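Residue numbers (full-length UniProt numbering): 1 to 660.
For glycine and all other residues, C-beta sits at the position ideal for the given N, C-alpha and C.
These figures come from a predicted structure and were not determined experimentally.
Right, one structure below, let's go through it.
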């Protein structure tokens, strides 16, 4: 990680994900700076993620405003949906937007190529935005709400009064790209395929509380749940749906799902795959027969005739291509690039515009993840010492142009953020685990170490770090910390981008002062993904994008069962019965007050475990766009999580200027 903010690219139906406040990781919402370390680009999380479809809805278990047991056009986790039945369009959409033209984007993935068209499996890399373009879900969401799903493939959703099932009625006009209707059997097939061993494992984790999908008739499917849970209708409503015909060979035999690699996907989305330079560039073309173009949820959307995604070899090539007019929009995650390099003739003429778009998204928790599977990192005192040696305040002044804010905990800028001392309700949840969790969880919400509290802040922090290391059994011998076995304390930060050394170097220097050697290793991105799948690293930088409504997905991030599951998203390897119990209480909560208490208790425990060294975040998107080719309706909706997804869905091409 350098001074760039890691960000995650969005997937299909980002609106639902954003609507439910789901973390961008769920979306392969995995757009980040392509030079940064893998945000949750890691396969298991990435697959859950990539498609907006998947769970954009993992939200808090709170009462829905729509009467349960009655079919409705929408499902809200609490209160009433903003948009009533029969609404014309989302407020931020321009139903008069012209259709046509081309949007040219740069790939938002770290990979320098793609080798498959199946975004739901563990191995290989699919093209950027493929799931967003080709696949749809039963429900979608709005970018100006945090917790509501509206019918997309489904014309109605009916949640049982006991909350043990949700029934979806599929629109009669819904069609796949091969012209066949979207049927309940396709929904069941998609569900059963995604929870199978042939799909990325994150799906099975996310859907573990769903018992089965039942086909009631050709257009009606009912999902049965293992226990009452208000979030689950949105979880299953966000599943990407694909045709049963995808993967059939010439004889009608079905391939194993993980062997469906370059078969053209059969989805129902507004775009199809167009011209491709396989492994490098891909163009998505608007489907002239798209079944859903008249839906209210699609009014003013999908305006470009073609969306071309190009891959460039590195960040410098991307920036120079932008300045040369080779593509139309680029988000910047580097404060240095934004301040120093985003300039030139096209900026001076007004063709290229620098813009900052404010959002109201959760902060997420971009951090350096410490792998507790490594013996040297299993003592919380060692992990705390590592955090004390990071001088974020110096980096923000000297490297980031004061652009960023420090990450604090898991749920910043949401109702779930813990503050001050634990409430009585939080203490009731924490108390049974007092002997198994750090005592800091019972005090004021732990804060990242600061160096600006006094003139000698860093020196004081390093002195405290030495004391913690000594308590953990490390002694300074000839300038090197060694344990009782004489082993030196040597750690490695793994990154796929050499620019990451810029922010690691100050940390290295500070750690060297207390006898710790911190190495920085750059590996090829494909190798990095392999090593992450196998948890073969000491430290790596990741961005877990936040959610307004955390839920079962946090079991994949911090659950004990996931710690030993290769390809899971438990990057730190945390195993804590307390954390497991608090995640369960969070998901099972029956009231908003209970939900908030569980979220905040979870945040206190995870933060006190010091499994991450917090990094930084920005409260806006820094974007360059071509004002001569693109137009949009201002202001940006508040819960956009991926700039490119908003542009692809709701911007439009300006008519070319007349030739003199």
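For residue i, the first and last residue of its enclosing beta strand (DSSP E)
i	result
residue 275	271-277
residue 151	148-151
residue 518	517-522
residue 222	220-225
For residue i: DSSP bridge partner residues
i	result
residue 159	166
residue 283	308
residue 405	617
residue 241	136
residue 370	539
Minimum C-alpha distance to residue i - residue among the options
i	options	result
residue 513	479, 493 and 527	479
residue 285	144, 306, 358 and 95	306
residue 433	249, 606 and 314	606
residue 386	114, 362, 504 and 548	504
residue 530	498, 456, 571 and 552	571
residue 612	405, 540 and 425	540
residue 595	151, 73, 72 and 77	77
residue 276	117, 376, 171 and 85	117
residue 173	510, 291 and 563	291
residue 423	639, 142 and 597	597
residue 397	248, 336 and 353	336
residue 205	565, 294 and 166	565
residue 75	146, 471, 89 and 350	146
residue 460	89, 203 and 388	388
residue 497	509, 521 and 311	521
residue 638	413, 501 and 426	413
residue 148	231, 346, 106 and 169	231
residue 380	408, 574 and 511	574
residue 339	400, 465, 295 and 297	400
residue 203	194, 85, 211 and 501	194
Simplified DSSP assignment, three categories, for residue i
i	result
residue 209	coil
residue 544	strand
residue 363	coil
residue 100	coil
residue 477	strand
residue 70	coil
residue 539	strand
residue 354	strand
residue 491	strand
residue 594	helix
residue 331	strand
residue 504	helix
residue 651	coil
residue 444	coil
residue 642	coil
residue 316	helix
residue 383	helix
residue 75	strand
residue 606	helix
residue 612	strand
residue 511	helix
residue 251	coil
heavy atom of the ligand COA below 7 Å from residue i C-beta
i	result
residue 623	The model depicted lacks the ligand COA and carries no ligand whatsoever.
Boundaries (first-last residue) of the alpha helix (DSSP H) holding residue i
i	result
residue 627	Per DSSP, residue 627 belongs to no alpha helix (DSSP H) and is neither H nor E.
residue 131	130-134
residue 553	553-558
residue 340	335-340
residue 236	232-237
residue 263	Counting along the chain, residue 263 falls outside any alpha helix (DSSP H), and DSSP gives it neither H nor E.
residue 430	424-430
residue 530	525-533
residue 588	577-588
(request) Could you tell me whether the segment 560-579 touches the segment 435-451, using the rule of 3 or more Cβ pairs below 8 Å? (result) Counting Cβ pairs under 8 Å, three or more are found: they touch.
(message) Whether or not the segment 610-621 and the segment 117-134 are in contact is what I'm after, with contact meaning three or more pairs of Cβ atoms, one per stretch, closer than 8 Å; do they touch?
(response) No: the two stretches stay apart, fewer than three of their Cβ pairs being nearer than 8 Å.
(request) Could you say if the segment 273-284 and the segment 123-143 meet the contact criterion of at least three C-beta pairs nearer than 8 Å? (result) yes
(message) Would the segment 639-653 count as touching the segment 444-462 if we require 3 or more Cβ pairs under 8 Å?
(response) no
(request) Give a yes or no on contact between the segment 482-491 and the segment 508-522, applying the rule of three or more CB pairs nearer than 8 Å. (result) yes
(message) Count Cβ pairs between the segment 454-468 and the segment 581-589 that sit closer than 8 Å; are there 3 or more?
(response) no
(request) Pair every Cβ in the segment 133-152 with every Cβ in the segment 261-272, then say whether three or more of these pairs are closer than 8 Å. (result) These segments touch.
(message) I want to know whether the segment 173-188 touches the segment 99-106 - three or more CB-CB distances under 8 Å.
(response) No, because fewer than three Cβ pairs between the segment 173-188 and the segment 99-106 fall closer than 8 Å, the two stretches do not touch.
(message) For the structure I just gave you, are there three or more beta carbon pairs, one from the segment 495-509 and one from the segment 551-561, closer than 8 Å?
(response) For the pair of segments examined, the segment 495-509 was found not to touch the segment 551-561: the number of CB pairs separated by less than 8 Å stays below three.
(request) Would you check if there are 3 or more beta carbon pairs closer than 8 Å linking the segment 156-175 to the segment 215-224? (result) Three or more Cβ pairs drawn from the segment 156-175 and the segment 215-224 lie within less than 8 Å of each other, which places the two stretches in contact.
(message) Measuring CB atoms only, is the segment 138-145 touching the segment 314-326, in the sense that at least three cross pairs come out at less than 8 Å?
(response) no
(message) Can you confirm whether the segment 148-158 touches the segment 324-334 when touching is taken to mean that 3 or more C-beta pairs between the two stretches lie within less than 8 Å?
(response) no
(message) Contact between the segment 465-477 and the segment 631-649 is defined here as three or more beta-carbon pairs at a separation below 8 Å; is this criterion met?
(response) no
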